Amino acid sequence: MEFVNEVMHFVSANSDEGNVNHPLCDTFYRMPFDQLPIEDFLKIFEEDCGTATCGLAAGIMAKILVENGFEAYTYNFGFANTELTHVVVLVKKKGKLLVFDPFINYSLANQDSSLIDLIELFKQVKKQEDDIIYSSNRVTHDLIVNLNLMDSTQLNSVGEACKGWFNNLTAVNDSIVKKRLIRTYDSNVTNPCSSFILRFENQLAAKTQFTKLHQGMTMKINQVWGAEGSQRVDSLINSSLLHLGFGYHK
21 MEFVNEVMHF VSANSDEGNV NHPLCDTFYR MPFDQLPIED FLKIFEEDCG
71 TATCGLAAGI MAKILVENGF EAYTYNFGFA NTELTHVVVL VKKKGKLLVF
121 DPFINYSLAN QDSSLIDLIE LFKQVKKQED DIIYSSNRVT HDLIVNLNLM
171 DSTQLNSVGE ACKGWFNNLT AVNDSIVKKR LIRTYDSNVT NPCSSFILRF
221 ENQLAAKTQF TKLHQGMTMK INQVWGAEGS QRVDSLINSS LLHLGFGYHK
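Here the sequence shown stands for residues 21 to 270, where the numbers follow our numbering.
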């Protein structure tokens, strides 16, 4: 899995995060998977012209892996029709569906550091025996913000812990600024401005019996997307979820 980890770290480091819109980035999900223009996306990020959602980052990673002979798919989970959804990459290896997250930058592993199979993860969550490691090596990436897309109320409501973010910014143009940040699982959890993990886990605790990000992976949304055979993988996941009583959130 060394190459897979290298690709994850590459995508984590080179896919910009933020609120800068670009028509290609904003509509990637309408394209057939095999037509995703990876080089075009990377050029957009390099030129600070657009940013990646978790779905786009996962799509880029999966496409690179498929082009290099791997069976890779994107997997969407969370609270349907809200911002609290997330997308990770599944890599099929020896019958297992291994979990990688290029947006937050981690892979899921057992306590012995072996990568965990998604179906086995479901079983552990059901038994409440899911003692999972988020394996995450440090990379840095650009967070890019279009200040024109933030109204005065949003800017004035920024919490004290977050206001330091506005120091030492690099101007891209008159309205867009960027900052180099660490991208790891731990850095997301401790982000004073906007931790997706904490917001997601708070919603899990409020609305479900779960409290951890990986437990939310039992809340599947949409079909998997990626390599040839995606329908078979999707059916396998759906069958496993239904058998364990988790269901499928369309």
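Ideal placement from N, C-alpha and C gives every residue a C-beta, glycine not left out. Fair warning: this is a prediction, and the values are worked out from it, not measured in the lab.
Query raised in the report: Between the region 46-61 and the region 95-105, are three or more C-beta pairs nearer than 8 Å?
Result: No contact exists between the region 46-61 and the region 95-105.
Query raised in the report: Beta carbon of threonine 94, beta carbon of glycine 115: below 8 Å?
Result: no
Report task. Go to phenylalanine 230, then tell me how far its beta strand (DSSP E) extends in each direction, as first and last residue. Result -> It is not in any beta strand (DSSP E) - phenylalanine 230 carries neither H nor E in the DSSP assignment.
Query - Beta-carbon contacts of glutamate 66 that lie in its chain and below 8 Å, excluding the five residues immediately before and after - result: Asn34
Query raised in the report: Can you name, in chain order, every residue of its own chain whose Cβ lies under 7 Å from the Cβ of leucine 85, other than the five neighbours on each side?
Result: Val24, Val27, Ala92 and Val111
Query raised in the report: Fully enclosed by the region 127-166, which alpha helix (DSSP H) runs are 4 residues long or longer?
Result: 138-147
Query - Three-state secondary structure (DSSP) of glycine 75 - result: In the structure shown, glycine 75 sits in a helix (DSSP, three-state: H, G or I).
Query - Cross-strand partners of glycine 98 (DSSP beta bridge) - result: Thr105
Requested in this report: Could you tell me which uninterrupted beta strand (DSSP E) segments, each at least 3 residues in length, are contained entirely in the region 184-267, listed from first to last along the chain?
Outcome: 196-203 and 240-246
Query raised in the report: Of the choices Lys143, Cys213 and Leu163, whose alpha-carbon is the least far from that of glutamine 235?
Result: Lys143
Query raised in the report: Considering only the beta carbon of each residue, do histidine 161 and aspartate 254 sit closer than 8 Å?
Result: no
**Report entry** Contacts around serine 177, its chain only, beta-carbon distance under 8 Å, and the 5 residues preceding and following it disregarded
**Finding:** Residue placement at serine 177 cannot be trusted, given a pLDDT of 43 that sits under 50; what the coordinates show is reported in the next sentence. Within the same chain, no residue comes within 8 Å of serine 177 by CB-CB distance, once the 5 residues on both sides are set aside.
Query raised in the report: What does a CB cutoff of less than 7 Å around serine 231 pick up in its chain, not counting 5 residues either side in sequence?
Result: Note that residue 231 is threonine in the sequence shown here, rather than serine. Closer than 7 Å at Cβ, skipping near neighbours: Glu221, Leu224 and Ala225.
**Report entry** Alpha carbon of phenylalanine 48 to alpha carbon of asparagine 211, nearest angstrom
**Finding:** 27 Å
Query raised in the report: Opposite aspartate 54 in the DSSP bridges: which residues?
Result: Answer is none; aspartate 54 lacks a bridge partner.
Query raised in the report: DSSP on phenylalanine 309, reduced to helix/strand/coil?
Result: Past the edges of the chain, shown from 21 to 270, lies residue 309, and the structure says nothing about it.
Query - Beta-carbon proximity of phenylalanine 120 to alanine 77, cut-off 8 Å - result: The Cβ atoms of phenylalanine 120 and alanine 77 do not sit closer than 8 Å to each other.
Query raised in the report: Counting along the chain, where does the alpha helix (DSSP H) carrying leucine 44 start and finish?
Result: 43-46
Report task. Would you kindly work out how many angstroms separate the C-alpha atoms of leucine 175 and isoleucine 196, rounded to a whole number? Result -> Confidence is the limiting factor: at leucine 175 the pLDDT is only 49, short of 50, which leaves the residue's position unreliable and the question unanswerable from this model.
Report task. Write down the C-beta distance between threonine 204 and lysine 198 rounded to the nearest angstrom, noting that I regard them as a contact closer than 8 Å. Result -> Actually they do not touch by this definition, with Cβ atoms about 19 Å apart.
Query raised in the report: Cβ of glycine 246 within 8 Å of Cβ of alanine 82?
Result: yes
Query - C-alpha distance - cysteine 45 paired with alanine 72, whole-angstrom precision - result: 7 Å
Query raised in the report: DSSP state of glutamate 67, grouped into three classes?
Result: coil
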